[in-house]
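Residue numbers (our numbering), protein chains in the order written: chain A, 2 to 61; chain B, 8 to 504.
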């Protein structure tokens, strides 16, 4: 399950990176970019929360 | 000043509060470099980055000032962490509280803690303000435009800020472990949203190829012309702001508390991940977003555009941008408020944690509702950095230089002093002198000083943000000179603590 979740998370980040570059390249509009960023965000938070673990001692 | 039985209570209760970390960190609790990289990368992409990048544009820095000045300033900040803070942290392995207490005595430590708590409340308030601009945006509630003369937000805006502040205060009372976990999840995503906003902003400003960037940067983003009513910042302002921004943590030694868990001193270089992602890329991207927002708003016929974090993030990143602004403010405001509560507790040792944190929360909410705080955020950050930095300078000198001069280290602790007068003279003396040297050319009340100062001081016109070095030198000279007097002429203590 963890590899699937990680793949979804990285897909979310990849969409977040790709969207503004596609706008810049003239391939999509700014509004489409906003939708893609929203999708990327949902994919990232919806999956990363299950596999990124918290180490309380690291906040010492 | 020495102990008397009647004065024991406050000091003893204060020490009891920090008793758990009085002993140096043991070997088995040490962390590797990755922990510090993650910590810095996560903590230094805060909501206030949206404000500081925007302020540099508003203060009319040039493209060279912004890109090179911030680079130099951030390199200086990283070097300060790596060469000044971390080496002492791994040798002493004590919190900054105990380091200051050993050098300056408990009374000055109480003043440090109380003042630091107040500053943390201001910063948490600034972050709540940032988050509120994002939540207010889709609700159709306008944020106050301080530059256009709006000194107070609307009642609806205050209600939103109060709700956000209450949630943050309650979470801080309940402890922030879950928030810390959530911050860790946000860390890889948030910088990408800054970059996305920046890239979209560049496109909106007319950058079609890499070759266009410099021309657009010079003529449309960092134009060198301040917004109406703003003072002019230059290269050294950018260097100084980047260096000064976290100075209480590096030259001020606040982060010895963190680096005492480092296996090696060179983990101090991990701060580069925080500085170059948060205080370089994020500031530059927010500057680009601000410029794009101003241009598109003026093109739409808006006379006084209000480049709030919510407005500039919405322009290029939409809902994801707004969520980024809310999370960037919230995830940093929460631990900041929690730490403010801890720091306040040192000054009020009998109060419960929930009570001090809630009081800190009230101060935070009030601060969030004052638009001037974010309008002058760079100045506030600069002032508090300059105020706390001398104590870090004393820790540095006490560790590296005092033994070479034949002076005793940790003199206040050795002689059970409640307050070290050399530390008091060095701290307040350097802060007051530097303030007056800046104020004589910048505040009408102090202009008369130029008539009574020697010519070379009257001619000296410091940049506000570049007072770091003069103040550090002044603090060190005053502290060392007074310590020489103190240790030569006072009676040695027969029973060291």
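Each residue gets a CB set at the ideal place from its N, CA and C atoms; glycine is no exception.
Query	Result
Does the beta-carbon of residue 98 (chain B) have 16 or more other beta-carbons within 10 angstroms, so that it is buried, or is it exposed?	exposed
Is there a Cβ of chain B sitting closer than 7 Å to that of residue 2 (chain A), yes or no?	no
Distance, Cα to Cα, residue 293 (chain B) vs residue 318 (chain B)?	11 Å
Indicate the three-state DSSP secondary structure (helix, strand or coil) for residue 425 (chain B) in the structure shown.	coil
Please tell me whether residue 105 (chain B) has its Cβ less than 7 Å away from any Cβ of chain A.	no
Return no unless some Cβ of chain B is closer than 7 Å to the Cβ of residue 17 (chain A).	yes
Just curious, the alpha helix (DSSP H) that residue 458 (chain B) is in, first and last residue?	456-459
Tell me which residues share the same chain as residue 446 (chain B) and place their Cβ nearer than 7 Å to its Cβ, disregarding the 5 neighbours each side in the sequence.	453
Helix, strand or coil for residue 188 (chain B)? Go by DSSP, reduced to three states.	helix
Could you give the distance in angstroms between the alpha-carbon of residue 41 (chain B) and the alpha-carbon of residue 256 (chain B)?	19 Å
If we cut at 7 Å on Cβ distances, does residue 53 (chain A) have a partner in chain B?	yes
Under 7 Å, Cβ to Cβ, is there at least one residue of chain A near residue 39 (chain B)?	no
Taking Cβ positions only, does residue 327 (chain B) come closer than 7 Å to chain A?	yes
Ignore the nearest five residues each way along the sequence and tell me which others in residue 288 (chain B)'s own chain have a CB closer than 7 Å to its CB.	198, 201 and 202
Between the Cα of residue 125 (chain B) and those of B:312, B:345 and B:230, spot the shortest distance and give me the residue it belongs to.	B:345
If you measure beta-carbon to beta-carbon, which residues of the region 23-35 of chain A are closer than 7 Å to chain B?	24, 25, 31, 34 and 35
Report the neighbours of residue 39 (chain A) on chain B: residues whose CB is nearer than 8 Å to its CB, in chain order.	325, 326 and 327
So with CB distances below 7 Å, who are the chain A contacts of residue 195 (chain B)?	14
Can you say whether residue 111 (chain B) is buried or exposed, counting buried as having 16 or more other CB atoms within 10 angstroms of its CB?	buried
So is residue 43 (chain A) in contact with chain B if we call contact Cβ pairs under 7 Å?	no
When the cut-off is 7 Å and only beta carbons count, does residue 206 (chain B) lie next to chain A?	yes
From the DSSP secondary-structure annotation, give me the bridge partner or partners of residue 230 (chain B).	B:69
Candidates B:383, B:76, B:368 and B:116: which alpha carbon is nearest residue 395 (chain B)'s?	B:116
Could you tell me the alpha carbon to alpha carbon distance between residue 13 (chain B) and residue 54 (chain B), rounded to whole angstroms?	Residue confidence is low: residue 13 (chain B) scores 45 on pLDDT, short of 50, so the model does not pin down where it sits. No coordinate-derived value is stated.
Taking only runs of the alpha helix (DSSP H) that begin and end inside the region 331-415 of chain B, which ones reach a length of at least 4 residues, in chain order?	360-375, 378-382 and 384-407
By how many angstroms is the C-alpha of residue 342 (chain B) removed from the C-alpha of residue 42 (chain A)?	23 Å
To the nearest angstrom, how far is it from the Cα of residue 141 (chain B) to the Cα of residue 44 (chain A)?	21 Å
Using CA atoms only, rank isn't needed, just tell me which of B:284, B:387, B:260 and B:425 is closest to residue 100 (chain B).	B:260
Is residue 35 (chain B) buried or exposed, if buried means 16 or more other CB atoms sit within 10 Å of its CB?	exposed
Is any beta-carbon of chain B found at less than 7 Å from that of residue 60 (chain A)?	Residue placement at residue 60 (chain A) is poorly supported in this model, since its pLDDT is 45, which falls under 50; the coordinates are not used for a value here.
At what residue ranges does the region 12-58 of chain A contain a whole run of the alpha helix (DSSP H), taking only runs of 4 or more?	31-52
Do you know offhand how far residue 61 (chain A)'s Cα is from residue 339 (chain B)'s?	Since pLDDT at residue 61 (chain A) reaches only 41, below the 50 mark, its modelled position is unreliable, and the value read off the structure follows with that caveat. For residue 61 (chain A) and residue 339 (chain B), the distance between alpha carbons rounds to 16 Å.
With DSSP as the reference, identify every bridge partner of residue 269 (chain B), one or two as the case may be.	B:38
Check whether the Cβ atoms of residue 64 (chain B) and residue 297 (chain B) sit closer than 7 Å, and answer yes or no.	yes
Quick one: residues in its chain with C-beta nearer than 8 Å to the C-beta of residue 168 (chain B), no 5 flanking neighbours on either side, listed in chain order?	135, 136, 139, 160, 372, 375 and 376
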